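**Q** Got a structure for you, questions after.
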Amino acid sequence: MSVKSRIEYRLAQALSPDRLEVINESHLHAGHQPAFDGGGETHMRIRIVSASFAGLSRVARHRMVNELVKPEFDAGLHALAIEAAAPGEPVRW
0 MSVKSRIEYR LAQALSPDRL EVINESHLHA GHQPAFDGGG ETHMRIRIVS ASFAGLSRVA
60 RHRMVNELVK PEFDAGLHAL AIEAAAPGEP VRW
């Protein structure tokens with residue numbers, strides 16, 4: 000199972016999102032380190048809408064998502080961008 004698939008699974012199971020998109024952005028970071036060619040699944044973006052975020056601050060939402068994907072960081076995920084919203088909140092995507 001890919002990193003992307005594992006993240007999708009964890010978030011879907013824990014947060015029952017109305018909308019979920021996990022995007023591999025590793026290719027955008029090619030060359031940032033001499034040995035990194037942009038391959039693999041090291042940089043991800045999560046776009047998620049879930050009722051679980053209702054009433055939570057942006058920081059609390061990010062902490063919740065980071066805790067859920069912690070096993071991926073432990074296994075080599077390097078960076079994560081999070082765009083989290085509750086249903087009815089405006090999003091830019």
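Heads up: the sequence shown is residues 0 to 92, going by numbering that gives the first Met the number 0.
Positions of the beta carbon are idealized from the N, C-alpha and C atoms, including for glycine.
Every value quoted in this text rests on a predicted model; they were computed, and no experiment measured them.
What residue ranges within the stretch 35-88 form continuous alpha helix (DSSP H) runs of no fewer than 4 residues, ordered along the chain?
**A** Correct list: 57-67, 69-73.
**Q** With DSSP run on the structure shown, which of helix, strand or coil describes P16?
**A** Reduced to three states, the DSSP call for P16 is coil.
**Q** Candidates V68, P89, G54: which alpha carbon is nearest A11's?
**A** When each option's Cα is compared against that of A11, the closest is V68.
**Q** When burial is assigned at 16 or more other CB atoms within 10 Å of the CB, is A83 buried or exposed?
**A** It counts as buried.
**Q** Within the same chain, show all residues whose beta-carbon is closer than 6 Å to that of S51, passing over the 5 residues directly before and after it, in chain order.
**A** L14.
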